[in-house]
Each structure stands twice: as structure tokens, then as C-alpha cells.
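Shown next, in C-alpha cells, is the structure this report addresses.
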Amino acid sequence: MLALCLLSLAAAPISGSELRAHTRFLASDLLEGRLPASNGDRLAQQYIAAQFESFGLATSLQSFELVGVEGHPETMTFKTPKTSLALPYREDFIAVSGHQDKVASLENAELVFVGYGITAPEFKWDDFKGLDVKGKVLVVMNNDPEDDPAIFGGRARLWYGRWDYKYEHARKLGAAGVLIIHTTPSAGYPWQVVQTSWAGEQFDLPTTGGPALQVKGWLSENAARKVFALGGKSLDALRTKAQTRKFTPVPLGITVSTRFENVVAKKQTANVLGFLEGTDPKLKSELVVYTAHHDHLGKGLSDAAGTDVIYNGAVDNASGVAALISIARVLSQQPLKRSVLFAAVAAEEQGLLGSQYLVEHPPVPVGRMAANINIDGLNVWGRTRDVSVIGLGKSSLDVRITELAKKQNRTVRADALSDRGFFYRSDQFNFARQGVPAAYFSSGHDFIGRPEGWGEQQRVKWEAEHYHQPSDEVTPQWDMAGAVEDVQLFLQLGQAVGDAPAMPTWTKGDEFEGTRLEALKAVGAP
Numbered sequence: 001m002l003a004l005c006l007l008s009l010a011a012a013p014i015s016g017s018e019l020r021a022h023t024r025f026l027a028s029d030l031l032e033g034r035l036p037a038s039n040g041d042r043l044a045q046q047y048i049a050a051q052f053e054s055f056g057l058a059t060s061l062q063s064f065e066l067v068g069v070e071g072h073p074e075t076m077t078f079k080t081p082k083t084s085l086a087l088p089y090r091e092d093f094i095a096v097s098g099h100q101d102k103v104a105s106l107e108n109a110e111l112v113f114v115g116y117g118i119t120a121p122e123f124k125w126d127d128f129k130g131l132d133v134k135g136k137v138l139v140v141m142n143n144d145p146e147d148d149p150a151i152f153g154g155r156a157r158l159w160y161g162r163w164d165y166k167y168e169h170a171r172k173l174g175a176a177g178v179l180i181i182h183t184t185p186s187a188g189y190p191w192q193v194v195q196t197s198w199a200g201e202q203f204d205l206p207t208t209g210g211p212a213l214q215v216k217g218w219l220s221e222n223a224a225r226k227v228f229a230l231g232g233k234s235l236d237a238l239r240t241k242a243q244t245r246k247f248t249p250v251p252l253g254i255t256v257s258t259r260f261e262n263v264v265a266k267k268q269t270a271n272v273l274g275f276l277e278g279t280d281p282k283l284k285s286e287l288v289v290y291t292a293h294h295d296h297l298g299k300g301l302s303d304a305a306g307t308d309v310i311y312n313g314a315v316d317n318a319s320g321v322a323a324l325i326s327i328a329r330v331l332s333q334q335p336l337k338r339s340v341l342f343a344a345v346a347a348e349e350q351g352l353l354g355s356q357y358l359v360e361h362p363p364v365p366v367g368r369m370a371a372n373i374n375i376d377g378l379n380v381w382g383r384t385r386d387v388s389v390i391g392l393g394k395s396s397l398d399v400r401i402t403e404l405a406k407k408q409n410r411t412v413r414a415d416a417l418s419d420r421g422f423f424y425r426s427d428q429f430n431f432a433r434q435g436v437p438a439a440y441f442s443s444g445h446d447f448i449g450r451p452e453g454w455g456e457q458q459r460v461k462w463e464a465e466h467y468h469q470p471s472d473e474v475t476p477q478w479d480m481a482g483a484v485e486d487v488q489l490f491l492q493l494g495q496a497v498g499d500a501p502a503m504p505t506w507t508k509g510d511e512f513e514g515t516r517l518e519a520l521k522a523v524g525a526p
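Using UniProt numbering, you'd call the opening residue of the sequence shown number 1 and step up by one each time.
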């Protein structure tokens with residue numbers, strides 16, 4: 001009788017109560033915000049692993065080392081020959097160490113405005129024009145140029161517009177530091193998100209030598225205006241000049257100094273992996289990979305008023321892990337021709353580190369990964385008539401999504417927020433960089449039974465009040481009907497890919513097509 005009950009449970013359709021229950025536990029105060037390498041992180045890993053094991057999946061923890069660095073300057077001082085300006089931490093700037101040593105410092109480093117900080121040969125774009133940046137601190141704008149629709153995807157943000165690119169590119173060039181100018185339109189989120197996301201301990205994979213930044217930082221827009229004015233420059237004027245290929249770097253006539261000590265510690269976290277073998281003797285050597293990150297931001301500093309300081313991360317991304325677990329339950333009773341890997345990855349909020357480690361240490365060569373389907377946040381506001389596909393048109397997966405959505409009486413539309421660069425901001429990006437076709441989508445904004453514009457209002461409100469804030473919690477107001485439809489779509493997409501005769505492909509000319517062809521060649525695939 002028990003066996004029959006378990007079989008019935010495994011075959012049951014995905015429900016809102018199931019998604020809510022998994023989310024409620026993972027986002028509970030007990031797990032203290034699931035900061036990488038914390039007790040809450042380990043509890044989340046064990047919970048997910050136990051779920052995978054209960055479905056009969058081959059379950060393992062893919063442990064890997066992180067280096068935690070905690071420290072920040074109290075002030076940052078900008079000087080000209082005649083005057084100086086000391087900016088306070090958090091209010092005007094955020095800065096962390098760009099390396100994994102105990103002391104980070106800048107001493108009278110020259111400050112240079114380098115526009116967007118981009119070198120993109122395919123667009124004949126170079127913001128540096130041969131500038132030797134060694135020892136200098138670069139001030140850069142967020143995003144990428146969007147005045148000309150013929151370059152950089154127009155309004156859509158590319159990898160060049162991401163802060164990760166700007167730090168990494170400056171590091172390779174030998175800069176001493178980078179300060180990115182934050183604006184809410186260019187970032188897609190308010191200054192408070194920078195404050196919370198970059199506060200406390202920061203994690204990275206262990207470095208392997210080479211040049212390193214002393215400081216990675218952000219300036220608020222108001223602070224940037226004050227710094228530029230200190231050097232007799234106009235931020236608006238220089239921002240306008242930076243919109244064209246003719247832009248050349250502008251020394252600001254300012255030096256910057258700061259110094260702070262870091263607490264550096266080696267720690268362990270883990271990706272939770274559940275493997276379901278395929279049924280086809282030939283195709284089972286290929287993988288459909290589902291991902292959802294299980295980490296969040298941990299806890300803030302307690303205060304005398306007893307303010308809630310736990311960043312529970314309910315929508316982001318306990319809900320995505322709940323979806324991953326639910327899909328694993330269903331597919332465990334309905335195996336596909338291809339094998340399936342369910343990966344609850346770690347340290348996404350720290351820079352997509354868990355998925356980076358996974359693709360660099362894959363269970364099969366990446367040329368045998370058919371597709372990645374990434375889940376990062378569910379819709380908790382109700383059913384929609386539409387589906388928003390991030391990076392619509394990049395691969396043949398989008399054709400499948402459109403077909404499946406149509407069966408739900410839903411339409412597919414391109415991401416209305418393409419200027420945010422969401423395709424480069426979650427774990428599917430690391431798979432794409434290795435050439436694996438990747439899908440990332442969610443409910444749209446046309447909510448059934450709601451007035452026009454209501455969905456957009458909810459998005460704006462959630463981003464302003466709850467994104468990366470302690471208030472991202474499970475609430476009684478959640479309507480899981482839309483989440484259920486979306487998770488069914490994630491499930492059906494995996495089924496379609498897992499049973500198809502051929503693997504998905506990138507659209508001809510896509511930025512990741514060449515890498516895919518190389519990966520296929522490496523495994524002898526046609």
C-alpha cells in the first residue's frame with residue numbers, strides 16, 4: 001500500500017500547494033537567507049538532495065571551494081591639486097576588494113573616464129583607444145551604447161553592458177580599480193539593490209594568478225556628478241560623447257585613494273545534482289540540464305529596533321528550486337529518451353559561480369548537453385495570457401516554447417525589458433558561453449482578470465520594494481496558478497527536448513553558435 005501511495009504521489013500533476021510548500025521551507029527564517037557556505041546553505045542542500053533521493057534519482061553534492069572576502073572602506077577620497085572630496089561608504093559609493101588578499105588599497109591613483117569600458121571588435125568599438133590603464137582607476141557607465149540600433153543590439157543589452165564584463169575586462173587590461181556609475185534606468189534596479197547585493201562577505205572561485213583589481217566599486221549617480229564636477233567636468237556632457245565610436249578616454253584630473261583590510265576565508269559550498277538516466281540506448285549519453293540556484297544573500301546586521309534582516313529569497317530563488325524539485329518528481333516516473341540532470345546550483349548571487357563550476361567540471365562533455373533550461377523566480381501573481389522569453393530568437397528552443405505555449409492558449413513575446421540584459425544575468429549564461437543552447441523564460445505581464453498595465457505595476461512594485469530585500473518572503477497573497485502553468489511549460493519543454501531526434505541549435509549567426517560547433521566537433525557529433 002505504501003508503495004502504491006508513493007507511486008501515486010510521484011505521478012501527480014504539479015500543484016500550487018506543492019510549489020508553495022517547497023518554497024516556504026527554503027525561504028524560511030530557519031535557513032537564514034541561504035548565504036553560500038552558511039548553515040542555511042547546507043540545510044538547503046540537504047533538503048534538495050533528500051527530495052531528489054526520494055524520487056530515485058542518482059543524487060550527489062558537487063562540492064567546490066569558494067574564497068570569501070569581507071571588507072570595505074569607510075570613505076573614498078578624491079583629490080585635485082586644489083581641493084578634495086571624501087565620499088561616505090554606502091550612501092555615495094559601494095566598494096569591495098577586487099582580489100583575495102588581506103589589504104586593498106588605492107593611493108593617489110589617476111581617475112579616467114572610459115565611457116562604457118568596452119572593447120568590441122565585431123562592432124568596431126573601442127573605448128580605450130590604446131590607453132595604458134595600468135595603475136589607473138576607471139570610471140565607466142553601466143549598460144552598453146544604445147543610440148544606434150545597428151550596434152550592440154540597440155536597446156537590448158548584451159554581455160558588454162554587464163558589470164561583470166566591465167570588471168573582468170579592466171582586470172585583464174591591468175587597471176587598479178573600476179567604479180561603475182549607477183543609475184536606476186541603466187541598472188534596472190534602485191541604488192538600494194547595489195547596497196544590499198554588495199554588502200557583507202563577497203565570494204568568488206579561487207584565483208589562479210594574473211592581474212587583479214584592487215577595488216571593484218559603484219558610484220551613485222549623485223556622487224558621480226560631484227566627482228566629475230570636482231574635476232571641472234560635466235557627467236552629462238561626457239555621457240553624450242561616449243555614445244559614439246569616436247569617443248576617447250578622458251582623464252578627470254583627479255586622484256583617488258582608499259584603503260581597507262579584508263577578512264579572507266576559504267569555504268565550501270555545493271551544487272546539488274540529481275541524475276535521471278534516459279531510456280534510449282544511444283540518446284541517453286546526452287543530457288537535458290535543468291538548473292535553479294539555491295542560494296541567496298544571507299543576513300544583514302541586526303539593529304536595536306529588531307528590524308527583519310534575513311534575506312529570505314522566496315521568489316528569488318526558493319520558488320525556482322521548488323519548480324526544479326517538482327519537475328524532477330514528475331520526470332522520475334516518466335523518463336525521457338535522453339538523460340536529465342537536475343542541478344540546484346550554488347552561489348548564483350555571487351556571480352553565477354555554481355553554474356560556472358558545473359560547466360567547467362561537467363558530468364559529460366558540454367557537446368553532449370542538449371540544452372539548459374534555467375528557472376530563476378516564479379510568477380506569484382496569477383495566470384497570464386503571455387509568456388516572456390528572455391533572448392527570444394537566439395535558438396530553436398524558442399520555436400518549441402512557442403508551440404507549447406500555444407497549447408496553453410498563451411502567446412510568446414520578446415522580453416519587454418531587453419535593456420536589462422537578463423540573458424546574461426542568470427545561470428543559463430554559463431551554459432550558453434560553453435555553447436549549450438539555453439532557455440530562460442517566465443510569465444508575461446498580461447494577467448487574466450486584471451486591468452491593462454496591472455502586471456507591469458506589480459513588477460515595478462516588486463523590484464522597488466522586494467528585490468534583494470528582506471521582504472522577499474512567502475505571503476498569503478501569493479496566487480500560484482500562473483506559476484503552475486509556467487512550471488508545466490518548463491516540464492514540457494524538457495520532455496520535447498529529451499525525446500526529440502536531434503538536439504536544439506543556436507540561430508545561425510548567434511554569438512554562441514561558433515562555440516557550439518566546436519563543442520560538437522570535440523565529441524564527434526555531426
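Just so you know, even glycine gets a beta-carbon here, dropped at the ideal spot from N, CA and C.
Please read these numbers as outputs of a predicted model, since none were measured by experiment.
- Counting the other Cβ atoms within 10 Å of the Cβ of N108 gives fewer than 16, which makes it exposed.
- Take L273, set aside five residues on each side of it, and the residues of its chain with a beta-carbon closer than 6 Å to its own are S60, Q62, A343, in chain order.
- In the structure shown, the three-state DSSP call for Y357 is helix.
- With a beta-carbon spacing of about 5 Å, G71 and F260 fall inside the 8 Å limit used to define contacts.
- Put simply, of N142, A170, I151, E32 the residue whose alpha carbon is nearest the alpha carbon of A187 is N142.
- Contact between the segment 279-298 and the segment 339-359 is present, with at least three C-beta pairs closer than 8 Å.
- Between G391 and the set T119, R516, E511, the nearest pair of CA atoms involves E511.
- Close CB contacts of K102 within its chain, under the 7 Å cut and outside five residues either way in sequence, are with E261, N262, V264 (chain order).
- Judged by DSSP in its simplified three-state form, Y467 adopts coil rather than helix or strand.
- In this structure, the straight-line span from the alpha carbon of Q46 to that of A37 is close to 13 Å.
- Contact check for L252 and F228: beta-carbon distance about 7 Å, within the 8 Å limit, so the pair qualifies.
- The residue from F123, K136, D132, G130 with its alpha-carbon nearest to that of D144 is F123.
- Just so you know, the alpha carbons of D126 and G135 end up roughly 20 Å apart.
- Each of L301, Q428, N379 was checked against the Cα of V345, and the nearest Cα belongs to Q428.
- Uninterrupted alpha helix (DSSP H) stretches at least 4 residues long and entirely within the segment 331-392 occur at 353-360, given in chain order.
- At the C-beta level, K226 and L85 come within 8 Å of one another.
- Note on geometry: alpha-carbon atoms of D419 and V497 lie some 29 Å from one another.
- One thing to note: A314 has its Cβ no nearer than 8 Å to the Cβ of N379.
- The C-alpha of E277 is placed about 30 Å away from the C-alpha of R425.
- Within the DSSP bridge table, the entry for E18 names no partner.
- By the neighbour-count criterion, in which 16 or more other beta carbons inside 10 Å mark a residue as buried, H361 falls on the exposed side.
- Just so you know, the alpha carbons of P476 and S17 end up roughly 12 Å apart.
- According to DSSP, V114 shares a beta bridge with no other residue.
- Straight-line spacing of the CA atoms in E403 and P504 works out to 15 Å.
- DSSP places E221 in the uninterrupted alpha helix (DSSP H) bounded by 221-230.
- In the structure shown, Q477 falls within a coil segment according to DSSP collapsed to helix, strand and coil.
- In this chain, P190 is not harboured by any beta strand (DSSP E), its DSSP state being neither H nor E.
- Between D316 and D472, the CB-CB gap stays under 8 Å.
- Straight-line spacing of the CA atoms in F93 and A199 works out to 11 Å.
- In the three-state scheme derived from DSSP, where H, G and I count as helix and E and B as strand, T75 is classed as strand.
- The continuous beta strand (DSSP E) containing D204 extends over residues 202-204.
- Per the Cβ contact rule, the segment 320-333 is not in contact with the segment 400-415 (fewer than 3 Cβ pairs under 8 Å).
- Looking from the CA of Y116, the closest CA among T248, R400, R90, A347 belongs to T248.
- Here the C-alpha atom of Q268 lies approximately 14 Å from the C-alpha atom of A44.
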